[in-house]
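Heads up, the thing below is written out as structure tokens.
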Amino acid sequence: MLDRTKAPYKNDLVQPDIIKAQEAFIFENTPVFFVHSDTQEALKIEIITDSGSKFEQKPAAASTALSLLNEGTKSRTGSQISDGFDSRGAFTDFNNTSDRQHMSCYTLERFFPEIIELMSDVWINPSFPEDELERYQTQKAEQIAQQRKKNQYKAAEVFKNSLFGKNHPYGRTVGPEEIKSINREDLIDFHPTMYRNPAIFLSGKVSDNVLTTLQDHLQKIPVSKANNSKIKKPEQITDLIVINRPDSLQSTIRMGLPIIDRGHEDYYKLVVTNELFGGYFGSRLMKNLREDKGYTYGVHSRLMHLEDEGYMIVGTDVIREKTEDSLKEIQSELERLATESVEQFEFDTVINYLKGNFISSINTPYSLVDKFKSLYFYDLDYGFYDNYFENLDRITPADIKNTVEKYLLNNDWTKVVVGDLK
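Taken in order, the sequence shown gives residues 1 to 422; the numbers are from UniProt numbering.
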């Protein structure tokens, strides 16, 4: 019988061998990477290009062009494109970011010839129909106007503006005015940018037939190779910014500051520090603001990485009357990490959590390709993951204090409150 008076025996987690992405050399100017698994028929293809919002000449051109790819080509209507994907049970996801554009599709391996033909058509031959553009503009402008009434959305916009600067590629936000100002010529002008430095990622059942079919349909893509120049440094605002909404029942808090990149020698120390601070459900911030004080349902801190910048962000929604107290408690938890030694049990819990989270994140071919992408786009090699456990085990509680003092306990925090500062 299980003796519940004794703590369970702790097994040390062992660094797993991560299955590495292979490269298929089928194009001269476009790299193709894949992780094959024949345990199921499903397949994912993702085409990523250096054509995010920072490359647009007119605000909202990149996101609008990507959104309208599926709305018509020179030979297909939007309905025909939609039926082509739906009839084969395929799911598409086109996503625009500041740095890149992602065109993804989940399908079955036997339907890949039809799916890649569809994807190549919308990528190469979009017609950007005027009526679909007008419909998109009306819906998107109204969506943004409604979203801006929500504290979380407004806080995210103001936080970006303040951390990077309103005119910085990472700090710009798009409103109804920018959406409505786009015309069809803007989309046609931007379209060639969507061939900039493409990379293709495949995961799932990547058969020889899939690779051959891919080569047949995409070999004539007018690839544009270009070096990405580093963008200007942000113009950060470190004052407390308050957007008063006295009728709000809660206040949204967003705080953040620039951080080191993943290749830095102290990066693993920052990862552990973040988890202790606010990175998981048992973190210091969660215990303080949720469990002890009851100010919020949840609070988190995260390390975010863009191509040219990285930052830590702390986010929470708190009881309106406890907004100022919450800001003080967040600062207090930072100071505690800098002045008080972390107990070994708490430290070991976080290390094991990170190890377990890593193991669970490499269970599928899709997640394995996601892991590879985070290396590929940040000029890292597989040593970053192969030595993950070893690097975590080198960290000590004393490193946490030093990391907070060195990188977090300063006046470089951007702080935004949307709600009521009481």
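Quick reminder that beta carbons are idealized off the backbone N, C-alpha and C, glycines included.
Check                                                                                                             : Outcome
7 Å CB neighbourhood of Asp38 in its chain, flanking five on each side removed                                    : Lys205
Alpha carbon of Ser360 to alpha carbon of Asn161, nearest angstrom                                                : 35 Å
Met1 versus Ser341 - alpha carbon distance                                                                        : Per-residue confidence for Met1 stands at a pLDDT of 49, beneath the threshold of 50, marking its modelled position as unreliable; no derived number is given.
Best match in Arg76, Asn411, Glu134, Asn391 for proximity to Leu187 [C-alpha to C-alpha]                          : Glu134
Local Cβ density within 10 Å of Phe389, reported as buried at 16 or more and exposed below that                   : buried
Stretch-stretch touch, CB-based, cutoff 8 Å, three pairs: the stretch 62-77 with the stretch 179-197              : yes
Backbone secondary structure at Glu23 - three-state DSSP                                                          : strand
Of the listed residues Thr273, Leu108, Asn29, Ile26, nearest to Pro397 (C-alpha basis)                            : Thr273
Per-residue DSSP class, three states only, for Met1                                                               : Because Met1 carries a pLDDT of 49, less than 50, the predicted location of this residue cannot be relied on, and the following value inherits that uncertainty. Here Met1 sits in coil by DSSP.
Same chain, Cβ closer than 6 Å to Phe164, neighbours up to 5 away in sequence not counted                         : Tyr170, Gly171, Pro234
Contacting residues, own chain, Cβ-Cβ under 7 Å from Tyr311 (five flanking each side not counted)                 : Leu163, Gly256, Leu257, Pro258, Ile259, Met304
Contact belief for Thr403 with Leu270 at Cβ below 8 Å, rounded distance in angstroms                              : 6 Å
Rounded straight-line distance, which links the Cα of Arg88 to that of Pro113                                     : 11 Å
Nearest-angstrom beta carbon gap, Ile253 and Val417 [assumed within contact, 8 Å]                                 : 6 Å
Check: Asp99 C-beta below 7 Å from any heavy atom of the ligand MG                                                : In the structure shown, the ligand MG is absent, as is every other ligand, since no ligand is present at all.
Residues that DSSP places opposite Tyr106 in a beta bridge                                                        : Lys44, Phe91
For Ala398, three-class secondary structure by DSSP                                                               : helix
In DSSP terms, what Thr77 is bridged to                                                                           : Gly72
Residue from Ile19, Ser224, Arg284, Gly383 with nearest C-alpha to Ile48                                          : Ser224
Beta-carbon proximity check, residue 478 vs Val318, cutoff 8 Å                                                    : Residue 478 is absent from the structure shown; the chain starts at 1 and stops at 422.
Extent of the continuous alpha helix (DSSP H) to which Val417 belongs                                             : It is not in any alpha helix (DSSP H) - Val417 instead sits in the beta strand (DSSP E) that spans 414-419.
Beta strand (DSSP E) segment containing Met286, residue limits                                                    : Segment: none, Met286 is in no beta strand (DSSP E) and carries neither H nor E.
Contact check, Phe91 vs Cys105, beta carbons under 8 Å                                                            : yes
Whole-angstrom distance between Pro31 and Gly52, CA atom to CA atom                                               : 19 Å
Supposed close pair Gln101, Ala62 - CB separation, criterion 8 Å                                                  : 7 Å
Collapsed DSSP secondary structure at Phe377 in the structure displayed                                           : coil
Residue from Arg262, Leu306, Glu346 with nearest C-alpha to Lys287                                                : Glu346
Exposure label - Arg284; buried when at least 16 CB within 10 Å                                                   : buried
Inter-residue Cα distance where the pair is Gly263 and Ser248                                                     : 42 Å
Completely contained alpha helix (DSSP H) runs for the stretch 263-342, where each covers 4 or more residues      : 267-274, 323-339
C-beta contact flag for Leu409 and Tyr268 at 8 Å                                                                  : no
Pairwise C-alpha distance: Gln331 and Val158                                                                      : 21 Å
Val14 versus Leu380 - alpha carbon distance                                                                       : 23 Å
Close-in-space but distant-in-sequence residues of the same chain around Pro59 (CB under 7 Å, 5 per side omitted) : Arg172, Val174, Glu178
Residues that Asn244 bridges to, as DSSP identifies them                                                          : Gly419
Own chain, CB closer than 8 Å to Ala42, minus 5 neighbours either side, in chain order                            : Tyr106, Thr107, Leu108, Glu109, Gly204, Lys205
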